[in-house]
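Structure first, commentary second.
In structure tokens form, the structure reads like this:
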């Protein structure tokens, strides 16, 4: 089934998450189910057959996406999943930037690490067709779980700004504007009520692509935080004041708790490229570069989501 987000209106960041996840359920899950193709299992919104669990080898903790691991192994045994889009399970989105970053690290690092561990197992499997192997390896893992993050960051936050500094390199308008705009709009139509937030969503996703790209490489290389498991913090009703309760003493604020140096560095790079484009450029990318630079600075200073001091 799919998730129903009980706190999607809590802040702008939860609205952005809703847009991304609605696309995931409306397109990836529903289409996968309708065409009997493989799609990932939603760990907190699904039911397993005991026979499928046993035949797939049971729950394994070799990665931080054990539900996806189990789903791939069951699929290789010939089991198929059914998605019920009209059945909704209540779910709370992480509303603090710290919690969201931990979640996205796990969701990006885990699939990349699982791909590394399972790619040859999928290739050698004799129970499924060549077409299904290609779909799982190329479409599900390589394109959606690895390439998507890397290309988003490299193209929009490195290459496009660099063309301002190196005018000999030109990106065709269809590649820089038309095709990405079409894809972005199609991704966003799953949440019609948030279409007016489309620009914010684009900027937000581009910033998060840096964090996801870093996590993807950690998963592929099995480096540092590859098996880091941090339970995603959910606030629930913790921030709602109750009648008669005294206001808690406000903790001392520490700027170091919020700073994210990589995001600040990329923001400075984008601002430099934007200023250079204003002075010497011919492509007029500076509007986008200034907006994207501001987004990186906002995220870099931690001014996104619900803020809980010293959380």
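Residue numbers (the UniProt record's numbering): 1 to 311.
Here a beta-carbon is modelled for each residue, glycine too, at the ideal position from N, C-alpha and C.
These numbers were taken from a predicted model, which means no experiment stands behind them.
Query: Range of the contiguous beta strand (DSSP E) that encloses residue 4; Result: 2 to 5
Query: Spatial distance of residue 193 from residue 120 (CA atoms); Result: 43 Å
Query: Those residues which DSSP pairs with residue 88 across a bridge; Result: 2
Query: Residue burial classification, residue 156 (beta-carbon count within 10 angstroms, cutoff 16); Result: buried
Query: Closer than 7 Å: residue 226 CB and nearest the ligand FAD heavy atom; Result: Ligands are entirely absent from the displayed structure, and the ligand FAD is therefore not among its contents.
Query: Distance, residue 260 Cα to residue 226 Cα; Result: 20 Å
Query: Given 8 Å, three or more beta-carbon pairs between the stretch 41 to 50 and the stretch 92 to 99; Result: no
Query: Residue 126 burial status per 10 Å Cβ neighbour count (16 or more: buried); Result: exposed
Query: Within 8 Å, strictly: CB atoms of residue 130 and residue 68; Result: no
Query: Start-end ranges of the beta strand (DSSP E) lying completely within the UniProt domain "Glycosyltransferase 2-like" (13 to 160), minimum 3 residues; Result: 88 to 91
Query: Pairwise C-alpha distance: residue 82 and residue 4; Result: 18 Å
Query: With 16 other Cβ atoms within 10 Å as the buried cut-off, status of residue 285; Result: buried
Query: Buried/exposed call for residue 169, threshold 16 Cβ in 10 Å; Result: exposed
Query: Under the three-state DSSP convention, the category residue 305 falls into; Result: strand
Query: C-beta contact flag for residue 293 and residue 267 at 8 Å; Result: yes
Query: Whole-number beta carbon distance between residue 84 and residue 1, since they are thought to touch under 8 Å; Result: 5 Å
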